[in-house]
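Residue numbers (the numbering used here), protein chains in the order written: chain H, 1 to 285; chain X, 1001 to 1285. Cβ atoms here follow ideal geometry from the backbone N, Cα and C, with glycine treated the same way. All figures in this text were calculated on a predicted structure; none of them were measured in a lab. Each remark here refers to the structure printed beneath this line.
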DNA sequence: TATTATTACGTTAGGCGTAAAGATT
DNA sequence: AATCTTTACGCCTAACGTAATAATA
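Have a look at this one:
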């Protein structure tokens, strides 16, 4: 039977051309690699080398064998990798969400219910999320209402409502509620990594410009130092700091008041259930 | 690094379900296979088994690993086989011919020139011969004139001329030469394994019936015991027995007087040359 | 009680490196 | 002289089988 270690020596020798260089690269002695080549020839049962007194080279058969050995080693490596990855995926719950806020609830719930599992999360656009769910790249997906994911089970998870935050002196501060057409044209401070909210702002407020802040600290400094309006939501207020000096005005468009659904394949019902159970301790829809 | 021996034990265990049955099939002791499974788990670095006190089974990951291992073992076996076959092909000269007579010259010439090589020959139809040459399944091909094999080199090899053999009392015996139309309608004794001659007879003499004899002895007994005409050629007469009681009448159609060409790829020029050289001792075109 | 997996243990075969030899440039 | 392959030799790991243990059906 073939031995992958021996084949690796063959491949390295085929690449480098001399046994001594191969031995050096493989950190083994020259006699070892000599013996290995002899043993390989025995295993194949056919001549693989052209031998001089002081020189050894592959013949046609040997070159063919080395080329095939290289492929075999590669597929063997792939097997190691894929088996390890499969194992890792078995002990990982991947959640893909269209917005950050649901993750603040879902991730703690999952790690409480499955302390031994790795919880992985990512923010993506809605089409990518559907793809991930289809391909099994995630077990749980968080989508806004109105997205049909018929091939999967889904359950309502929680709601999020959008607010505009302005200083009391701001022109908008007089309204008790707002629509996107009211605020279209005003420039806004905006966080990065806010999922589908980003797209929504740009679609609903084409006349506005958005100053996107990657850094949380810098966002707040700008918010304090300027009178620029920014967005918040009920969920963000609950989990993040907010500026007491600002007034919150609800945005009434249906698009700004989202119900999130959790979607999953039947085999992952248990994950979804544990989220519902733990979440119910904290809040209810 | 993976070890194919260990993987084979894994595959057998996956098939049989218990270590002891696997050990029995593999002719090794139970402790050995236990250790191997432990070592495999180390190598993969992930759990492959579900262990009870006196029960062990593959988990999902283990099943995946076993399935992939099975494939790997198969490709490893294929490598062994193909390398051995390649070596064998390197020490074999395969000749494919459209008729038997040229082989009587070519095969002895080749084995004289290359005593250490295996000489393999086969009779085939002309399209198959071209295919074999294209696919490298033969190094030398013997084709009749008029076949264009432009992609290959070729050289005239020898000629063969067809004769009809009849008893002196036979109606055809009065002719000093014949054409296919003269003999069309007469029934003939015919040998099997005569290559393209078989097709030619049936095409040129559609009104005739042919009594094909597989056995050489039976052919001659029938020839002696009957007055049925049969074919011979100058080459056959030179190498095979002939009946002195019969008269030989040449067939004058061009199709019945063939020049054979030897076709080959440039890298096998040497084979063709050695045939020409050795053949020239015996005869010349 | 028979079957199964695992651990313990002693033996041995085989694989490795060092050293040396033979050969080439 | 330097480089390269191969052989010789001694060590030592690691792999195997036997025997024993533990647990189960």
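- Judged by DSSP in its simplified three-state form, residue 1044 of chain X adopts helix.
- Within chain X, the residues 1068, 1071, 1072, 1075 have their CB atoms less than 9 Å from the CB of residue 75 of chain H, given in chain order.
- Taking C-beta atoms as the reference points, residue 161 of chain H and residue 249 of chain H fail to come closer than 8 Å.
- Residue 1195 of chain X sits buried, since 16 or more C-beta atoms from the chains shown fall within 10 Å of its C-beta.
- Only 1043, 1044, 1045, 1046, 1047 from the stretch 1026-1047 of chain X bring a Cβ to less than 9 Å from some Cβ of chain H.
- Using a Cβ-Cβ cut-off of 8 Å, residue 1004 of chain X counts as an interface residue toward chain H, since at least one Cβ of chain H sits closer than that to its own.
- Chain-ordered, the chain X residues with CB closer than 8 Å to the CB of residue 65 of chain H read 1079, 1083.
- A straight line joining the alpha-carbon of residue 229 of chain H with that of residue 247 of chain H spans about 10 Å.
- Within its own chain, the residues whose Cβ lies closer than 6 Å to the Cβ of residue 124 of chain H, once the five positions on either side in sequence are excluded, are 96, listed in chain order.
- Contact of residue 118 of chain H with chain X by beta-carbon distance below 7 Å is absent, the smallest such distance being about 13 Å.
- Exclusion of the five residues before and after residue 1184 of chain X leaves 1204, 1205, 1206, 1207, 1208 as the residues of its chain whose Cβ lies within less than 8 Å of its Cβ.
- Interface flag for residue 86 of chain H against chain X is set, since a Cβ pair is found closer than 8 Å.
- Contact between residue 1076 of chain X and residue 1048 of chain X does not hold, since their C-beta atoms are separated by about 20 Å, which reaches or exceeds 8 Å.
- Taking a C-beta cut-off of 7 Å against chain X, the contacting residues of the stretch 88-116 of chain H are 90, listed in chain order.
- Within chain X, the residues 1086, 1090 have their CB atoms less than 8 Å from the CB of residue 60 of chain H, given in chain order.
- Taking a Cβ-Cβ threshold of 7 Å, the residues of chain H close to residue 1001 of chain X are 4, 5, in chain order.
- Contact check for residue 1068 of chain X against residue 1033 of chain X fails: the beta carbons are separated by 8 Å or more.
- In this model, residue 63 of chain H and residue 6 of chain H are separated by some 15 Å (Cα to Cα).
- Closest in C-alpha terms to residue 218 of chain H, from the list H:173, H:231, H:190, H:259, comes H:190.
- Annotation for residue 1251 of chain X: no alpha helix (DSSP H) segment contains it, and DSSP assigns it neither H nor E.
- With a 10 Å radius around the Cβ and a threshold of 16 neighbouring Cβ atoms, residue 139 of chain H comes out buried.
- In this model, residue 1135 of chain X and residue 1117 of chain X are separated by some 20 Å (Cα to Cα).
- Note that the C-beta distance between residue 251 of chain H and residue 166 of chain H is not below 8 Å.
- Shown here, residue 239 of chain H sits in a helix according to DSSP, grouped into three states.
- Taking 8 Å as the cut-off, the Cβ atoms of residue 30 of chain H and residue 19 of chain H count as close.
- Here the alpha carbon of residue 236 of chain H sits roughly 8 Å from the alpha carbon of residue 242 of chain H.
- Residue nearest to residue 155 of chain H within the set H:238, H:272, H:169, H:90 is H:272 (criterion: CA-CA distance).
- For residue 86 of chain H, no beta strand (DSSP E) encloses it; the enclosing alpha helix (DSSP H) starts and ends at 60-90.
- Counting C-beta atoms within 10 angstroms of its own C-beta, residue 239 of chain H has fewer than 16 neighbours from the protein chains shown and is therefore classed as exposed.
- Contact check for residue 1152 of chain X against residue 1253 of chain X fails: the beta carbons are separated by 8 Å or more.
- DSSP places residue 1165 of chain X within a strand segment (E or B) once states are collapsed to three.
- Burial check for residue 37 of chain H: the Cβ neighbour count within 10 Å reaches 16 or more, so the residue is buried.
- Every beta strand (DSSP E) stretch that sits fully inside the stretch 1097-1180 of chain X and reaches 3 residues is listed by chain position as 1118-1123, 1140-1144, 1153-1167.
- Spanning the alpha carbons of residue 221 of chain H and residue 262 of chain H requires a straight line of approximately 35 Å.
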